[in-house]
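Written out below as structure tokens is the structure these notes cover.
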Amino acid sequence: MVERQQNVPVFDAVVVGAGFSGLYMLQRLREAGYSVRVYEAGEDVGGTWYWNRYPGARCDIESIYYNYTFSEEILNEWTWSARYAEQPEILSYINYVADKLDLRRDIQFNTRITAARYNEQNCNWEIRMDDGSLVIAEYFITALGCLSASNVPDLKGMDTFKGEMYHTGRWPHEEVDFNGKRVGVIGTGSSGIQAIPVIAKEAGQLTVFQRTPQYSCPAQNHPLDSEVISQTRENYGELKQLMRYSMHGVPSGPRMRSALEDSPEERERLYEKAWQEGGLFTLTYNYNDIGILPEATETAASFIRTKIKQVVQDHDTAQKLMPSYYYATKRPIIDTDYFETYNRDNVSLVDIKADPIVEMTPNGLKTTNAEYDLDVLVFATGFDAMTGPLFKIDIRGKNDVSLKQKWEDGANLKTYLGLATSGFPNMFMLTGPQSPSVLSNMMVSIEQHVDWVADCIGYLREHHLQAFEATAEAEEFWSQQCAAIADMSLLSKTDSWYMGANIEGKPRGFLAFAGGVGLYRLICDDVSARGYEGFTSE
Ligand code: FAD
Ligand code: N01
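Using the working numbering, you'd call the opening residue of the sequence shown number -13 and step up by one each time.
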């Protein structure tokens, strides 16, 4: 236990992370008059958009909805250039918000939080940084991001490789020169699919190492015209309500019709229209049972497979690119010329399920059947999602129980509303496991969580309540609901990072709340309206 030391700074709240979540949390708490300190491992604000600087990185939610909505002034002052903004523009936006609200003065950069321990006697948290220093706060708020712990496979011989290696989620600030080089990319998720077409244009030779083929639809990105921008601004009040009470945090939603109710010709017509229009949910929103019923889901899946066959000229390559998992059970992907890229002479595809990677050598990569000489290897291998960033901190609640210990077995991952977990009083997890987070436009989920937590802290202060904690019964019920809702769809039938399946040894279990952001908001509001039902305090 830490004695009250004279030099240990004490805050009302400590927030870890200076991405979209941490920044808005800081703003809300500061506005309410609390002392707040944000700690950020990176050297500046931005989170995802600070780290993921790989070529082709951009958002998959339309820019006009992928921004803060809490300030009308900010909404009116910022103008997006394209339907899907690129990483540098999103990072500029975050910097603009940080400057406008003067957020940096309460953020300590280049500081990783390594441990946080609840002090039962004082009802506060002792939070330790990577330089060993300590800070105390009544509320410990994690804004760590769902996708901030990079997953780099531990390949045999990796340290012998003489070339350059990069992970998409830890991309250097300097431009990486692919010009004329022999480049390998491992991974064909959203990051790989965005990066591959851009790298291919520069590289001498690009070899893609694919484990699981993916469904992807064209983004049909384009510059935004001023008419769309002014109409959006005029109607933002209404749009915001639609987003908040929707399924995925965008103003539209699935049509109330089964894919099996339409004729094959009608389905084809609608899918083709969606393909031309582009967008993350455009194809799936034609029907309300894609990702739910296998037969309905297959209609969309086979449409995309046909498209891949039509686009990719080489028969063998097209075959390797055919996905077979249930469509829409991973985050859908939208691309710019992804499948077209395989028609380039300098691009080849290796199916590493059929021909697994054996090891890295000083010169490149060796599979069971071949050797690939490489100058650069890009890992587009994703993240230890949701729980990964939490487990990187040694978080200890009551009785010195660690969060990792508590959740060790997948079946024991228990949260209440994805915001709190029993035994860890006064700790809030923004976009935590078992909240809608990654299944949505995350800006909507982030703002909802931040607002809920800020209001909750206001309530606790007003009522002089301490040691605010989820009950074991409430989290048991919530966790069962999360699993049951996922099981009503095909989500839990696919090996995805939503299920923890991408990380060796990670327990399987669906990691989010799949009931939609609108329903989730209503539940959270109901909990607070009932005096924070499901929580206890002293
Ligand atoms: P993050 O942006 O991940 O920020 C978390 C911060 O916490 C990071 O800066 C990290 O350094 C810091 N941190 C973590 N652990 C510690 C620690 N121990 N100590 C100190 N600091 C720590 N979502 C969408 O809805 N639409 C999109 O279009 C979209 N595009 C994406 C594209 C990419 C490439 C990726 C990877 C994700 C994308 N996402 C998208 C999800 C995206 O993560 C969220 O939209 C959003 O940016 C998350 O914000 P955040 O603040 O919650 O987390
Ligand atoms: O990561 P992923 P990501 N050996 O986990 C493969 C958001 N995002 O960074 O499918 C070989 O999806 C892995 O194979 P498999 C978005 O939410 C959004 O691409 O596990 N291969 C897969 O092909 C997204 O869902 C955007 O069999 C290995 C790939 O690497 C999330 O972030 C852009 C491997 C990883 O795909 C994660 O996306 C980028 C190994 N050991 C990210 N380990 C937008 O467009 C993994 N793979 C907005």
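Where a beta carbon is used, it is the ideal one built from N, C-alpha and C, also for glycine.
DSSP beta-bridge partners for residue i?
| i | result |
| --- | --- |
| F521 | A456 |
| I320 | C203 |
| Q191 | R168 |
| D105 | The sequence given here places Asn at residue 105; Asp does not occur at that position. Paired residues: N110. |
| S136 | F369 |
| M415 | T128 |
| D380 | A101 |
| Y152 | V364 |
| E72 | R44 |
For a test of the three-state rule: what should DSSP assign to residue i, helix, strand or coil?
| i | result |
| --- | --- |
| R90 | helix |
| E(-11) | Note that E(-11) has pLDDT 48, beneath the 50 cutoff, so the model's placement of it is unreliable and no number is given. |
| Y222 | helix |
| R23 | strand |
| L120 | strand |
| E357 | strand |
| D275 | coil |
| E252 | helix |
| K479 | helix |
| E345 | strand |
| T401 | coil |
| E490 | coil |
| A304 | helix |
| H435 | helix |
| G8 | helix |
| P240 | coil |
| V(-6) | coil |
| V298 | coil |
| L246 | helix |
| S334 | strand |
| G409 | coil |
| K352 | strand |
| S288 | helix |
Can you say whether residue i is buried or exposed, counting buried as having 16 or more other CB atoms within 10 angstroms of its CB?
| i | result |
| --- | --- |
| M242 | exposed |
| P411 | buried |
| G190 | exposed |
| D275 | buried |
| I400 | For the sequence presented, residue 400 should be read as Lys rather than Ile. The residue in question, K400, is buried, as its Cβ has 16 or more Cβ neighbours within 10 Å. |
| M413 | buried |
| N110 | buried |
| V530 | The question about residue 530 has no answer here: the residues shown for the chain are numbered -13 through 524. |
| V(-6) | exposed |
| M233 | buried |
Please report the straight-line C-alpha distance between residue i and residue j, rounded to a whole angstrom.
| i | j | result |
| --- | --- | --- |
| Y312 | L425 | 16 Å |
| C510 | E161 | 44 Å |
| G350 | A356 | 11 Å |
| E284 | A515 | 42 Å |
| Y25 | L9 | 11 Å |
| D7 | G368 | The sequence given here has Ser at residue 7, not Asp. Whole-angstrom Cα-Cα distance: 20 Å. |
| P525 | V344 | There is no way to answer for residue 525, as the model of the chain reaches only from -13 to 524. |
| S49 | A287 | 27 Å |
| E394 | P493 | 8 Å |
| E(-11) | G495 | Reliability of the predicted coordinates at E(-11) is poor, the pLDDT of 48 falling under 50, and the value obtained from them is presented with this limitation in mind. Rounded to whole angstroms, E(-11) to G495 spans 40 Å at the Cα level. |
| V(-4) | E124 | 8 Å |
| A500 | A472 | 6 Å |
| T97 | S21 | 19 Å |
| E519 | T218 | 37 Å |
| L541 | Y54 | With the chain represented from -13 up to 524, any question about residue 541 goes unanswered, as that position is not in the structure. |
Relative to the ligand ZN, is the shortest distance from any of its heavy atoms to the C-beta of residue i smaller than 8 Å?
| i | result |
| --- | --- |
| C45 | In the structure on display, the ligand ZN does not appear, and the ligands it does have are the ligand FAD and the ligand N01. |
State the CB to CB distance for the pair residue i and residue j, rounded to an integer number of angstroms; the pair is presumed to be in contact (CB under 8 Å).
| i | j | result |
| --- | --- | --- |
| Q434 | R507 | 6 Å |
| T272 | A260 | Contrary to the premise, residue 272 reads as Asn rather than Thr in this sequence. N272 to A260, Cβ: 6 Å. Contact. |
| A181 | G42 | 5 Å |
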